[in-house]
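So the structure is just underneath, and the comments pick up after that.
Protein chains in written order, with my numbering: chain A, 1 to 150; chain B, 151 to 300; chain C, 301 to 450; chain D, 451 to 600.
This is the structure we're talking about:
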């Protein structure tokens with residue numbers, strides 16, 4: 001039964017190449033880096049780069065998420081015109097478990113990191129729903145980075 | 151910004167009435183009691199009563215789950231014939247985040263409690279998929295217990 | 301970086317022998333069984349057997365705890381005389397992160413299971429403080445069960 | 451029993467004033483900003499500013515921690531000379547539950563954010579041990595920011 005401690009980790013993020021974030025989940029050329037997964041608790045931490053005008057599809061956060069905006073302008077929860085926030089440089093974000101987000105639009109080139117607990121439900125561009133978890137995220141990342149390495 | 155501690159709780163479970171678990175998620179008359187939700191982390195704790203021969207529909211645990219079997223015989227992960235376990239009285243269960251379960255069959259009247267973190271994805275009897283979270287569980291429970299109270 | 305899913309588990313608890321819970325943390329012959337640890341999140345799940353008249357030392361729950369009382373009578377949060385509860389058979393307990401408990405007295409032979417997240421701080425009988433975590437709990441359990449196996 | 455969703459949040463961090471991090475836990479003028487607490491799960495998220503030559507006292511992380519280094523040079527887990535890492539700009543850190551850190555030295559002015567789950571145990575400069583939790587952190591932050599507001 002004995003179980004070992006989890007492993008500490010360190011990622012020099014600027015030395016990790018960007019990969020394409022799935023087209024199903026956005027328009028406008030969003031890139032991502034998967035920084036960490038915690039399989040036991042279903043944590044996953046992602047750095048996003050979203051060009052000006054890019055749009056993330058509607059989604060639900062099934063667990064809490066914490067994030068940091070490094071640069072740019074992102075319409076958090078629809079933006080200030082509809083009760084949300086315009087997230088900019090040095091903005092800390094907390095999304096509650098169960099948060100439902102409509103399309104998320106970038107008003108500038110935006111870079112932010114997000115630690116998510118549990119899966120996202122995405123509404124794809126064809127209207128169907130799909131779940132993205134630490135596990136499918138990791139599978140995609142492995143596939144993308146191996147392909148690149150090959 | 152100040153946030154208060156969460157509230158302690160105590161439920162005398164044998165004084166809580168059973169409610170019908172949704173037909174979409176099972177056949178055979180499964181009952182449930184919702185004991186606790188933790189909205190911040192998407193925890194929810196459920197007591198199930200599953201008559202002999204009842205079947206839970208296929209589902210995915212998107213976060214870890216811990217459970218205790220009080221009585222009965224439940225084919226955990228398909229049962230021992232396919233690499234799973236026959237869970238009986240005084241059985242402790244741990245399901246990992248991402249665990250995919252096919253139909254779960256009861257060989258005897260079975261009572262067990264399950265603490266789940268994050269949502270379940272269910273395959274309904276019509277083949278479609280639906281997510282059950284602490285939040286939809288709570289909404290259903292409120293509706294069922296108020297209806298009963300009325 | 302690839303990380304595997306956590307392992308599912310099943311423990312037939314009535315086939316696990318009781319071990320002595322540390323004298324520093326109680327008086328009156330409390331026994332325990334360590335059922336599960338989740339190193340990544342610092343979860344640990346313990347079954348306790350506390351004879352009538354036994355007393356758990358004062359302690360702080362640094363994370364939330366959920367429990368189930370199988371039998372007996374335990375003065376939860378000091379008992380009903382001081383605003384707490386007398387926990388009995390079929391009682392479900394939720395303790396919030398940060399809950400501080402004074403001495404916990406058993407009015408009957410009491411068996412309960414407790415899933416704890418994060419460590420406990422105990423006040424030992426000599427007045428000093430010590431932390432018990434999933435890790436020190438696991439170390440003690442390994443030591444006790446190996447000793448028994450030898 | 452009904453419980454509401456947790457609240458979303460957004461903090462424009464550059465508009466929050468730095469406060470002094472407790473002298474007991476460091477030398478050299480470390481400052482902090484408390485960005486978020488999640489009482490239910492004992493999460494707390496802190497931005498640190500540590501001048502060159504400052505030293506954080508030895509401590510234990512009782513739950514996992516994730517962090518991001520914005521600038522500087524921090525000897526993570528003792529630094530590369532003893533098997534650790536020199537954390538620099540764009541470094542992502544993951545500390546496992548139970549990680550024990552000796553003195554943490556800053557080789558340059560260093561700014562980093564850390565999301566911690568569960569409490570820290572600090573060894574104070576007088577050799578005694580003390581626990582810092584989301585709750586004591588929040589109490590200190592309230593006291594410091596109210597004092598400033600007065």
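Note that the Cβ used here is the ideal one computed from N, Cα and C, for glycine as well.
Report the partner residues of residue i according to the DSSP bridge assignment.
| i | result |
| --- | --- |
| residue 56 (chain A) | A:26, A:104 |
| residue 113 (chain A) | A:47, A:68 |
| residue 432 (chain C) | C:420 |
| residue 34 (chain A) | A:46 |
| residue 2 (chain A) | None, per the DSSP bridge assignment. |
| residue 294 (chain B) | DSSP, once it has assigned bridges, lists no residue as partnering residue 294 (chain B). |
| residue 245 (chain B) | B:215 |
| residue 19 (chain A) | A:32 |
| residue 523 (chain D) | D:538, D:558 |
| residue 459 (chain D) | A:94 |
When burial is assigned at 16 or more other CB atoms within 10 Å of the CB, is residue i buried or exposed?
| i | result |
| --- | --- |
| residue 57 (chain A) | buried |
| residue 302 (chain C) | exposed |
| residue 297 (chain B) | exposed |
| residue 517 (chain D) | buried |
| residue 232 (chain B) | exposed |
| residue 4 (chain A) | exposed |
| residue 344 (chain C) | buried |
For residue i and residue j, I'd like the C-alpha separation in whole angstroms.
| i | j | result |
| --- | --- | --- |
| residue 100 (chain A) | residue 402 (chain C) | 41 Å |
| residue 183 (chain B) | residue 39 (chain A) | 29 Å |
| residue 558 (chain D) | residue 537 (chain D) | 11 Å |
| residue 151 (chain A) | residue 574 (chain D) | Here chain A covers residues 1 to 150 and nothing more, so residue 151 (chain A) does not appear. |
| residue 84 (chain A) | residue 46 (chain A) | 22 Å |
| residue 504 (chain D) | residue 498 (chain D) | 12 Å |
| residue 341 (chain C) | residue 42 (chain A) | 10 Å |
| residue 61 (chain A) | residue 98 (chain A) | 5 Å |
| residue 173 (chain B) | residue 167 (chain B) | 18 Å |
| residue 215 (chain B) | residue 65 (chain A) | 20 Å |
| residue 554 (chain D) | residue 139 (chain A) | 35 Å |
Under 7 Å between the Cβ atoms of residue i and residue j?
| i | j | result |
| --- | --- | --- |
| residue 171 (chain B) | residue 161 (chain B) | no |
| residue 178 (chain B) | residue 268 (chain B) | no |
| residue 256 (chain B) | residue 202 (chain B) | yes |
| residue 475 (chain D) | residue 591 (chain D) | no |
| residue 319 (chain C) | residue 444 (chain C) | yes |
| residue 540 (chain D) | residue 9 (chain A) | no |
| residue 420 (chain C) | residue 359 (chain C) | yes |
Would you mind telling me which residues of chain G sit closer than 8 Å to residue i, beta carbon to beta carbon, in chain order?
| i | result |
| --- | --- |
| residue 341 (chain C) | As a matter of chain content, chain G is missing from the structure shown, whose protein chains are A, B, C and D. |
Tell me whether the segment 94–103 of chain A and the segment 127–142 of chain A touch, counting them as touching only if at least three CB pairs, one residue from each stretch, are closer than 8 Å. no
Does the pairing of the segment 134–141 of chain A with the segment 76–89 of chain A give three or more beta-carbon distances under 8 Å? no
Examine the Cβ distances between the segment 406–414 of chain C and the segment 367–375 of chain C and report whether three or more of them are shorter than 8 Å. yes
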